[in-house]
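Taking it in order: structure first as structure tokens, then the write-up.
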Amino acid sequence: CVKMSSSWHQKKAKLADKEFERDLQNQAEYVEKDQANAAAMGEGDKELFEKKLTKEEKKALAKQKRLAKKELKNKNTKSNGDGDEKESEGDQLAKALEEAQKGLTMIEKKDNPEADALSAQGTVCTFASSRKGVDERSRDINVSNVTLLHKGTAMLDNTDVVLNHGNRYGLIGRNGCGKTTLLKVLGARVLPIPDSIDSYHLKEEIEPSDTMTALDAVMSVDKERGILENQAENLNHAISSLTENADENAEEQQEIIMELLNEIYDRLDALDADTAETRARSILKGLGFTHQMQSKFTKDFSGGWRMRVSLARALFLQPTLLLLDEPTNHLDMEAVIWLEDYLSRWDKILFLVSHSQDFLNNVCTNMVHMRDQKLEYFYGNYDQFVKTKAEKEENEKKRYKWEQ
Numbered sequence: 001c002v003k004m005s006s007s008w009h010q011k012k013a014k015l016a017d018k019e020f021e022r023d024l025q026n027q028a029e030y031v032e033k034d035q036a037n038a039a040a041m042g043e044g045d046k047e048l049f050e051k052k053l054t055k056e057e058k059k060a061l062a063k064q065k066r067l068a069k070k071e072l073k074n075k076n077t078k079s080n081g082d083g084d085e086k087e088s089e090g091d092q093l094a095k096a097l098e099e100a101q102k103g104l105t106m107i108e109k110k111d112n113p114e115a116d117a118l119s120a121q122g123t124v125c126t127f128a129s130s131r132k133g134v135d136e137r138s139r140d141i142n143v144s145n146v147t148l149l150h151k152g153t154a155m156l157d158n159t160d161v162v163l164n165h166g167n168r169y170g171l172i173g174r175n176g177c178g179k180t181t182l183l184k185v186l187g188a189r190v191l192p193i194p195d196s197i198d199s200y201h202l203k204e205e206i207e208p209s210d211t212m213t214a215l216d217a218v219m220s221v222d223k224e225r226g227i228l229e230n231q232a233e234n235l236n237h238a239i240s241s242l243t244e245n246a247d248e249n250a251e252e253q254q255e256i257i258m259e260l261l262n263e264i265y266d267r268l269d270a271l272d273a274d275t276a277e278t279r280a281r282s283i284l285k286g287l288g289f290t291h292q293m294q295s296k297f298t299k300d301f302s303g304g305w306r307m308r309v310s311l312a313r314a315l316f317l318q319p320t321l322l323l324l325d326e327p328t329n330h331l332d333m334e335a336v337i338w339l340e341d342y343l344s345r346w347d348k349i350l351f352l353v354s355h356s357q358d359f360l361n362n363v364c365t366n367m368v369h370m371r372d373q374k375l376e377y378f379y380g381n382y383d384q385f386v387k388t389k390a391e392k393e394e395n396e397k398k399r400y401k402w403e404q
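Quick note: the sequence shown uses full-length UniProt numbering, first residue 1, plus one each step.
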């Protein structure tokens with residue numbers, strides 16, 4: 001592990017150097033261009049770019065430049081009438097990008113035992129496949145025409161599953177409508193989730209052990225570290241592939257990949273940092289574990305407390321997609337309040353089921369209503385959902401009266 005840790009730190013440093021050089025080049029090009037424009041207008045003596053550009057501003061400028069280049073190229077293609085030749089070049093580019101895309105397959109495609117287990121239990125899920133396939137660099141989940149059946153009963157029928165990065169979704173619906181089954185399908189990655197999105201479905205308590213303490217269980221991250229290292233390695237291969245097929249599109253692709261790489265390196269740092277134990281202890285404390293309890297073997301805890309250990313581990317891992325089914329079930333009020341505060345700052349994708357209206361109000365930015373075999377999406381927390389739904393039903397009643 002130490003060797004791998006050193007390796008990714010070296011790669012992270014190299015990545016930072018690449019980004020710095022690219023930003024300097026972009027800034028220099030824009031300074032040169034604006035100075036030339038200013039000189040042409042008789043303003044050559046003015047000091048340009050007195051304010052230092054932020055990283056975000058540099059990226060925005062670089063993106064503008066790429067879009068301008070692309071637009072100019074399209075115009076030239078039309079005016080020159082070289083459609084066939086350009087199409088051929090486009091085919092070559094598509095092939096090059098396709099090869100790079102292969103490098104973005106971050107987790108080797110293997111058998112999926114979780115999906116097989118769901119199938120054996122009578123759960124069947126179908127969805128519309130896209131010609132373009134899944135964008136493996138995407139931070140969002142967007143699957144169309146999803147149909148979900150469990151033991152012959154339709155839970156969803158031709159609906160869309162849309163979960164965007166940065167949102168915290170509360171899934172609500174009557175008992176037995178299929179909320180837990182949907183979480184299982186997402187957790188088993190039966191739906192086409194981009195490989196750049198790692199997920200964690202909290203579905204069972206940590207196993208009882210006479211050698212592993214509660215703290216050990218939370219910090220046991222070898223599997224997750226390996227997945228992240230594999231993701232980083234494949235992204236680095238993708239950058240190399242794009243460099244060999246350099247063009248204006250490759251630059252934009254590289255920028256996207258570099259952003260993903262930075263996130264992965266930050267995650268690896270968080271797992272192995274000197275502060276990792278402090279962070280794990282803080283989470284356990286928030287969920288009700290005293291310092292002494294954190295050193296107890298997991299076999300000495302009841303099922304409810306082992307479930308808290310499992311929840312602490314999920315929070316410690318910080319997955320891109322966190323799936324929680326009734327996370328407050330085994331918590332006392334103090335732990336619930338702590339968890340509300342912790343999850344209200346979750347900045348990735350959170351998808352949870354809870355019967356607590358207060359919890360949904362304090363945590364969620366969006367609500368998903370599972371009704372009539374469809375998923376309806378609402379902006380806001382539970383109270384806002386109730387208000388919006390009531391207004392919608394009132395408008396439908398008025399419309400019905402007008403049509404009579």
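The C-beta atom is built at its ideal place from N, Cα and C for all residues, glycine as well.
Asked, Found
"Residue 307 beta carbon less than 8 angstroms from that of residue 205", "yes"
"Host alpha helix (DSSP H) of residue 331 (start-end)", "Element bounds for residue 331: n/a, residue is neither H nor E."
"Local Cβ density within 10 Å of residue 116, reported as buried at 16 or more and exposed below that", "exposed"
"Whole alpha helix (DSSP H) elements within the segment 300 to 347, 4-residue minimum", "303 to 317, 333 to 343"
"Of the listed residues 384, 379, 310, 375, nearest to residue 212 (C-alpha basis)", "310"
"Limits of the alpha helix (DSSP H) - the one that residue 279 falls within", "276 to 286"
"Burial state of residue 305 (16 or more Cβ within 10 Å)", "buried"
"Residue from 155, 184, 128 with nearest C-alpha to residue 325", "184"
"Three CB pairs or more closer than 8 angstroms across the segment 281 to 290 and the segment 222 to 230", "no"
"Spatial neighbours of residue 162 in its chain, beta-carbon cut-off 6 angstroms, leaving aside the 5 residues before and after", "142"
"Test item: CB-CB of residue 191 and residue 127 under 8 angstroms", "yes"
"Helix, strand or coil at residue 297 according to DSSP, with G and I counted as helix", "strand"
"Start and end residues, alpha helix (DSSP H) containing residue 219", "214 to 219"
"Touching by the beta-carbon criterion (3+ pairs, under 8 angstroms), the segment 192 to 199 and the segment 381 to 392", "no"
"Beta-carbon proximity check, residue 235 vs residue 215, cutoff 8 angstroms", "no"
"Nearest neighbour of residue 263, chosen from 114, 277, 348 [CA to CA]", "348"
"Candidates 155, 113, 139: closest to residue 256 by CA position", "139"
"Nearest-angstrom beta carbon gap, residue 221 and residue 317 [assumed within contact, 8 angstroms]", "7 angstroms"
"CA-to-CA distance, residue 372 to residue 400, given in whole angstroms", "20 angstroms"
"Per DSSP, cross-strand counterpart(s) of residue 352", "170, 324"
"Boundaries (first-last residue) of the alpha helix (DSSP H) holding residue 359", "357 to 363"
"Three-state secondary structure (DSSP) of residue 138", "coil"
"Integer Cβ distance of residue 323 from residue 202, believed to fall under 8 angstroms", "7 angstroms"
"Where residue 374 falls: helix, strand or coil (DSSP)", "strand"
"Backbone secondary structure at residue 232 - three-state DSSP", "helix"
"Residue range of the unbroken alpha helix (DSSP H) whose run includes residue 390", "382 to 403"
"Boundaries (first-last residue) of the beta strand (DSSP E) holding residue 159", "153 to 163"
"Distance, residue 362 Cα to residue 341 Cα", "8 angstroms"
"Nearest-angstrom Cα separation, counted from residue 314 out to residue 253", "31 angstroms"
"Distance between residue 366 and residue 409 (C-alpha atoms, nearest Å)", "Nothing about residue 409 can be read from this structure; the chain reaches only from 1 to 404."
"Cβ-based burial, residue 404 [other Cβ within 10 Å; buried from 16]", "exposed"
"Cβ distance (whole Å) where residue 173 is taken to contact residue 179 below 8 angstroms", "6 angstroms"
"Secondary structure of residue 149, DSSP reduced to three states", "strand"
"For residue 369 and residue 353, the rounded distance between their alpha carbons", "11 angstroms"
"Residues bridged to residue 237 (per DSSP)", "Per DSSP, none; premise fails for residue 237."
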